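Peer 1: Would you mind keeping the following structure in view while I ask a few things?
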């Protein structure tokens, strides 16, 4: 309700972190509504894009390791569902856990795509190392 009555600049850019709770007198109990009120439409789109990107990374990571990929997918989907009724990004323990899981999914997706380590992927680096050690063993 407060968001709809705000001026257009606040609807697009938001009121600022923590300001919405002070002005409204209550907090949203929903990360998406909180992002919309505090950071506006732009912030909400960034927040949604972040979750879509993490889900994409998890799906790519799943190609590298099925079990760990499924684990990271379930964590991301759980956080999205939790965000509809709670505020997981406002709890330090949850943030640390999510940072580890999101970093892991990002690492696994880059490992699968071969975008780690400059021109060569880690997979290519490993295979080159194995080939070099086999060549060395012949001498």
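In my numbering, the protein residues as written are 18 to 156. We put the beta carbon where it would ideally sit given N, CA and C, even for glycine. From a predicted model like this one, the values you see are computed outputs, not experimental measurements.
I need the DSSP call for residue 115, collapsed to helix, strand or coil.
Peer 2: Locating residue 115 in the chain shown gives position 98, where the first residue counts as 1. Of the three classes helix, strand and coil, the one that applies to residue 115 here is helix, per DSSP.
Peer 1: I think residue 120 touches residue 77, with their Cβ atoms under 8 Å apart; what is that distance to the nearest whole Å?
Peer 2: Here residue 120 is taken as the residue at index 103 of the chain shown, counted from 1. Here residue 77 is taken as the residue at index 60 of the chain shown, counted from 1. At roughly 14 Å, the Cβ-Cβ gap does not stay under 8 Å, so residue 120 and residue 77 are not in contact.
Peer 1: What does a CB cutoff of less than 7 Å around residue 30 pick up in its chain, not counting 5 residues either side in sequence?
Peer 2: Mapped onto the chain shown, residue 30 falls at position 13. 57 and 59, listed in sequence order.
Peer 1: Taking the alpha helix (DSSP H) that residue 89 falls in, what are its first and last residues?
Peer 2: Looking up residue 89 in the chain shown gives position 72. Here the alpha helix (DSSP H) through residue 89 covers 83-100.
Peer 1: Taking all protein chains shown into account, decide if residue 86 is buried (16 or more other Cβ within 10 angstroms of its Cβ) or exposed.
Peer 2: Position 69 of the chain shown, counted from the first residue, corresponds to residue 86. The residue is buried, with at least 16 neighbouring Cβ atoms inside 10 Å.
Peer 1: Buried or exposed for residue 61, going by 16 or more other Cβ atoms inside 10 Å?
Peer 2: Numbered from its first residue, the chain shown carries residue 61 at position 44. Residue 61 is buried by the Cβ-count criterion.
Peer 1: What residues in its chain sit with their C-beta under 6 Å from that of residue 80, if we drop five residues either side in the sequence?
Peer 2: Position 63 of the chain shown holds residue 80. The residues are 129.
Peer 1: Assuming residue 93 and residue 75 are in contact, meaning their beta carbons sit under 8 Å apart, how far apart are those beta carbons, in whole angstroms?
Peer 2: As a first step, residue 93 is located in the chain shown; it is residue number 76 there, counting from the start. As a first step, residue 75 is located in the chain shown; it is residue number 58 there, counting from the start. Yes, they are in contact, since the Cβ atoms of residue 93 and residue 75 sit about 6 Å apart, within 8 Å.
Peer 1: So residue 35 is in the alpha helix (DSSP H); what residue range does that whole segment cover?
Peer 2: The residue you call residue 35 lines up with position 18 of the chain shown. Element bounds for residue 35: n/a, residue is neither H nor E.
Peer 1: What number of angstroms, rounded off, separates the C-alpha of residue 135 from the C-alpha of residue 124?
Peer 2: Position 118 of the chain shown holds residue 135. Position 107 of the chain shown holds residue 124. Legend: pLDDT at residue 135 = 46, less than 50; position of this residue unreliable, no value from coordinates given.
Peer 1: Helix, strand or coil for residue 46 per DSSP?
Peer 2: Taking the chain shown and counting its residues from 1, the one referred to as residue 46 is at position 29. If DSSP states are grouped into helix, strand and coil, residue 46 belongs with coil.
Peer 1: Which residues in the same chain as residue 36 place their Cβ atom closer than 8 Å to its Cβ, once the five residues preceding and following it in sequence are excluded?
Peer 2: As a working note, residue 36 is residue 19 in the chain shown. Within the same chain, residue 36 has close Cβ partners 55.
Peer 1: Going by beta-carbon coordinates alone, are residue 111 and residue 47 separated by less than 9 Å?
Peer 2: Here residue 111 refers to the residue found at position 94 when the chain shown is read from its first residue. Here residue 47 refers to the residue found at position 30 when the chain shown is read from its first residue. No, Cβ-Cβ distance for residue 111 and residue 47 is not below 9 Å.
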